[in-house]
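Everything on this sheet refers to the single structure shown next.
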Amino acid sequence: ETTVHAFSFIAAPNAATLAYGTKHGLVMSDAPSDLTGTVSFGMAGKALCSATVSSGGATCAAGPWSLTPGSHTITAVAGGDANYVPETATFLIVVTRGTPKLTERLSAASVHKGQSITATVSGVPANGSVTFLIGTKKICTVHATSGRASCVTPKTLATHSYQLIAKYAGNALWKPASVSAGFAVVR
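Using our numbering, the first residue of the sequence shown is number 268, and each one after it goes up by one.
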């Protein structure tokens, strides 16, 4: 007759805090080395990921959009096998706002006086807006479409070197971010 044993294990995130928009590594460890089957991680009845248990542990990647900023209780369920009954462990995971990875591209590095440059910013989070500035002077504010926002500089800029700054204000999911690129207006 086979005896089925209870066991315990540790479940935790792979980092103390995780940023929104990144994959969240969820780890099971310290289970019996001969345990087989799978471990599933979930939150409030929603499955996040599952992995095959091997040598007393398993790791799976949830996300990147599965957890919003804040504290979340995650439940790990190891399904058990012929030798072990199913067991559960819970842990707290803290998700911070993500950092957008903005990039800015200018249509030219320099233009003649009376011409304009188009600046395009990519990597803007969904439903985000970008404010374009030269120094502290606002040129335009544009609502991003498909992660991109573009702005055309005024044709009235004097002969000079400029920094065109693009600022994303942030929201509940994303931190504020900015990027800049230099250009010149020549004679």
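We put the CB at the ideal spot given by N, CA and C, even for glycine.
Check: Counting only the same chain and skipping the five closest in sequence on each side, list residues whose C-beta sits under 6 angstroms from that of Lys368.; Outcome: Gly390
Check: Less than 8 angstroms separating the beta-carbons of Ser417 and Thr385?; Outcome: yes
Check: DSSP state of Thr398, grouped into three classes?; Outcome: strand
Check: Could you check what DSSP says for Val320 in three-state terms: helix, strand or coil?; Outcome: coil
Check: Going straight from the alpha carbon of Phe308 to that of His272, what length do you get?; Outcome: 22 angstroms
Check: Let's test the definition: count the other Cβ atoms within 10 Å of the Cβ of His291 and tell me whether it reaches 16, buried, or not, exposed.; Outcome: buried
Check: Could you tell me the distance, in whole angstroms, from the CA atom of Val453 to the CA atom of His427?; Outcome: 7 angstroms
Check: Residue ranges of each beta strand (DSSP E) run of no fewer than 3 residues wholly in the stretch 269-300, ordered along the chain?; Outcome: 277-280, 284-286, 291-296
Check: Could you compute how far the alpha carbon of Thr342 sits from the alpha carbon of Thr289?; Outcome: 20 angstroms
Check: How big is the Cα-Cα spacing for Ala365 and Ala329?; Outcome: Before going on, a small fix: residue 365 reads as Gly here, not Ala. Near 15 angstroms, if we compare the C-alpha coordinates of Ala329 and Gly365.
Check: Can you tell which of Leu431, Ala451, Asn281, Tyr435 has its C-alpha closest to the C-alpha of Gly414?; Outcome: Tyr435
Check: From Ala318 to Thr269, what distance separates their C-alpha atoms?; Outcome: 26 angstroms
Check: I'd like to know whether the C-beta atoms of Ile277 and Asp297 end up nearer to each other than 8 angstroms.; Outcome: yes
Check: Is Pro392 buried or exposed, if buried means 16 or more other CB atoms sit within 10 Å of its CB?; Outcome: buried
Check: Tell me whether Thr420 is buried or exposed, calling it buried when 16 or more other Cβ atoms sit within 10 Å of its Cβ.; Outcome: buried
Check: In chain order, which continuous runs of the beta strand (DSSP E) of length 3 or greater are located wholly inside the stretch 399-449?; Outcome: 404-410, 415-419, 427-435
Check: Would you kindly work out how many angstroms separate the C-alpha atoms of Pro353 and Pro299, rounded to a whole number?; Outcome: 12 angstroms
Check: Whole angstroms is fine: what's the gap from Ala349's alpha carbon to Thr303's?; Outcome: 9 angstroms
Check: What distance in whole Å lies between the Cβ atoms of Leu431 and Ser447, which are believed to be in contact at a cut-off of 8 angstroms?; Outcome: 6 angstroms
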